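Enquirer: As they're listed, the protein sequences go chains A and B. Residue 89 in this note's numbering sits at position 89 of the first sequence, and the numbers go up by one each step. Residue 222 in this note's numbering sits at position 222 of the second sequence, and the numbers go up by one each step. Let me begin by handing over the structure; questions about it come next.
Protein chains: 2
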Amino acid sequence: MDFSSAEENYLKAIYHLSETDSEIVSTNAIAEELNTKPASVSDMLKKLSSKNLVNYIRYKGVSLTEKGKSVALWIVRKHRLWEVFLVEKLKFNWDEVHEVAEQLEHIKSRRMIEKLDVYLNFPKFDPHGDPIPDKEGNIAILPTLPLSEVSIGEVVKVVSVSDSDANLLQYLDKVGISIGSELQIVERIAFDGSLEINIKGSETVSRLVSPQVSQNILVTIDNKQKKALKGK
Amino acid sequence: MDFSSAEENYLKAIYHLSETDSEIVSTNAIAEELNTKPASVSDMLKKLSSKNLVNYIRYKGVSLTEKGKSVALWIVRKHRLWEVFLVEKLKFNWDEVHEVAEQLEHIKSRRMIEKLDVYLNFPKFDPHGDPIPDKEGNIAILPTLPLSEVSIGEVVKVVSVSDSDANLLQYLDKVGISIGSELQIVERIAFDGSLEINIKGSETVSRLVSPQVSQNILVTIDNKQKKALKGK
DNA sequence: AATCGAAGTTAAATTTGACTGATTATTTAC
DNA sequence: GTAAATAATCAGTCAAATTTAACTTCGATT
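Encoded structure:
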């Protein structure tokens, strides 16, 4: 079955919101995510509900049905595979691909996406570190937390960053943070919540990053480091 | 300036029709090309005219302005570059790419298309032999004629075939005709206009092709052959 | 020059997705 | 437990692109 770009965008927005926040998503949250008005969202939710893509209770909120989730994951799969293509093959920078991928994700051709997947050699993550759902909609989830919530002294590895803010991505380029970078948290400034971190590269650099930045970087506790600690 | 997919499709249709037939295109011809109704065409022509994309005189017909032509050529450039990508990189067959390219041609990103052009190594022709307009809209035009109009005995080379009919392309695959194939016209059957041709490959094969087929294959008089004749 | 049929146009209605303004539910604060 | 604040919905419009049905215009023929 085929859906309009508008419908697909709503399903994707609901999916993203129910990932980051709670399972059940509010009308206003969707309106903000899509830069539209709550009244428009109400209209569309009625429509999606009649197509059994969402569970919608008036005034209470909305969640994806199995069917809705599988459509959303399919859009996400397409978006992220195209991002890999744009960066790896066409040599775009990672801060330039989101907008174009927003258009490409609505191209309808199952066959093309499977061929693209082969061509890209079955990537598991997009250029921002977000996992790519497989054909069946399975998605690798590793335990992560925002950099802003890591405790002092901990060593972590950058897993992913928000792909929708080009300014953030350009900033990270400039200070030398990329997917896979190892960071150590040195100090948390009480005044504004800034973090002092060491960025391990060819040489270790110390930086101060704002909460705005650290909230948008997802990290894992570094396993190698963990083992080393255990060994002691 | 940005145009809707509908506007772009109309401009492309007018462009194609004014190439194959005359400069000035009729409402009904456009309606047929786009599988829509003449009334819809009238409405759109008024709109395109107010945007200075076409010269439109009620009841008389329509032609592209310079501006309209350059938009049309840009869409054609995108369509044909994507077709090259789909065949060369993703390994689609030449009969499968038209539909998908019809969607991809509406993606908006000048930058992406120029990067795609680089990535594909500046192809001059798409998989069906149609020339790809360059950045400025210049397009290579070689003197061609439909196979159906070639005289008996002549040796010709296949330059291009219609990309919009998958059945034709599959048929050509089956009988071993591809872009660049050399054909010799043996006989024209008076009854239905069928042609008997020799297809030169690893071995030469004789075939009978219907007018439907021969009208959709564009060929050039073979140059090597011409020289050989001159030499005599 | 009157007319007939084909080609083309207008008018009115439909569909999709959005917006504005008014109204109704739900929560929160006291 | 009620009033104010917040959230969500409803009703009415709008714009784009289409369709159907009814009406013009053109031009070829008589």
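For every residue, glycine included, the Cβ atom is placed at its ideal position computed from N, Cα and C. All values reported here derive from a predicted model rather than from experimental measurement.
Is there at least one Cβ from chain A nearer than 9 Å to B/Phe239's Cβ?
Expert: Only positions 1 to 232 of chain B appear in the structure, and residue 239 of chain B is not among them; the question remains open.
Enquirer: Determine the direct distance from the alpha carbon of A/Val118 to that of A/Pro211, and round the result to whole angstroms.
Expert: 39 Å
Enquirer: Alpha carbon to alpha carbon, how far is A/Leu218 from A/Ile177?
Expert: 12 Å
Enquirer: Mind checking which residues open and close the alpha helix (DSSP H) that includes B/Glu83?
Expert: Counting along the chain, the alpha helix (DSSP H) containing B/Glu83 begins and ends at Glu66 to Val84.
Enquirer: Kindly list the residues whose CB is nearer than 8 Å to the CB of A/Asn55, restricted to its own chain and excluding five residues on each side of it in sequence; keep chain order.
Expert: Ser49, Val62, Ser63, Leu64 and Thr65
Enquirer: Consider the Cβ of A/Val100: report whether some Cβ of chain B lies at a distance smaller than 9 Å.
Expert: yes
Enquirer: Please classify A/Val150: does DSSP put it in a helix, a strand, or coil?
Expert: DSSP, reduced to helix, strand and coil, places A/Val150 outside both helices and strands of the structure shown, so it counts as coil.
Enquirer: Alpha carbon to alpha carbon, what distance is there between A/Ser206 and B/Glu83?
Expert: 48 Å
Enquirer: CB-CB under 6 Å to B/Thr20, same chain, minus the five flanking residues each way: which ones, in chain order?
Expert: none
Enquirer: Alpha carbon to alpha carbon, what distance is there between B/Phe3 and A/Ile24?
Expert: Cα to Cα, A/Ile24 sits roughly 37 Å from B/Phe3.
Enquirer: Give me the Cα-Cα distance between A/Ser162 and A/Ser42, rounded to the nearest whole angstrom.
Expert: Rounded to whole angstroms, A/Ser162 to A/Ser42 spans 27 Å at the Cα level.
Enquirer: With a threshold of 8 Å on Cβ separation, who are the neighbours of B/Ser5 within its own chain once the five nearest residues in sequence on each side are excluded?
Expert: Counting only Cβ-Cβ distances below 8 Å, and skipping sequence neighbours, we find His106.
Enquirer: Helix, strand or coil, according to DSSP, for B/Asn138 in the structure here?
Expert: Of the three classes helix, strand and coil, the one that applies to B/Asn138 here is coil, per DSSP.
Enquirer: For the segment 165-185 of chain A against the segment 85-101 of chain A, do three or more pairs of beta-carbon atoms, one drawn from each stretch, fall closer than 8 Å, so that the two count as touching?
Expert: yes
Enquirer: Measure the Cβ-Cβ separation of B/Leu120 and B/Lys89 and say whether it is below 9 Å.
Expert: Closer than 9 Å, so yes.
Enquirer: Contact defined as beta carbons within less than 8 Å: I believe B/Gly76 pairs with B/Lys12. What is the distance between those atoms, to the nearest angstrom?
Expert: Note on residue identity: the sequence assigns Val, not Gly, to residue 76 of chain B. Right, their Cβ atoms sit about 7 Å apart.
Enquirer: Please look up how many angstroms separate the CB atoms of A/Ile132 and A/Arg80, rounded, as I've assumed it's under 8 Å.
Expert: 4 Å
Enquirer: Work out the CA separation of B/Leu17 and B/Gly68 for me, nearest whole Å.
Expert: For B/Gly68 and B/Leu17, the distance between alpha carbons rounds to 14 Å.
Enquirer: With three or more C-beta pairs closer than 8 Å as the rule, is the segment 182-202 of chain B touching the segment 149-162 of chain B?
Expert: yes
Enquirer: Suppose you measure from the CA of A/Ala228 to the CA of A/Ser109; what does that come to, to the nearest Å?
Expert: With a pLDDT of 48 at A/Ala228, under the threshold of 50, the modelled position of that residue is not reliable, and no figure is offered here.
Enquirer: B/Ser160 bridges to which residues according to DSSP?
Expert: B/Leu218
Enquirer: Check whether the Cβ of A/Glu96 lies closer than 9 Å to any Cβ atom in chain B.
Expert: yes
Enquirer: Classify B/Ser194 as helix, strand or coil using the three-state DSSP reduction.
Expert: coil
Enquirer: Pull up the CB-CB distance for B/Pro143 and B/Thr220, whole angstroms please, since I reckon it's below 8 Å.
Expert: 7 Å
Enquirer: What span of residues does the alpha helix (DSSP H) with B/Asn9 cover, start to end?
Expert: Counting along the chain, the unbroken alpha helix (DSSP H) around B/Asn9 starts and ends at Ser5 to Thr20.
Enquirer: Tell me whether the beta-carbon of A/Leu73 lies closer than 9 Å to the beta-carbon of A/Tyr15.
Expert: yes
Enquirer: Suppose the cutoff is 6 Å on Cβ atoms and the five residues either side in sequence are ignored; what does the same chain contact list for B/His98 look like?
Expert: Asp163 and Ser164
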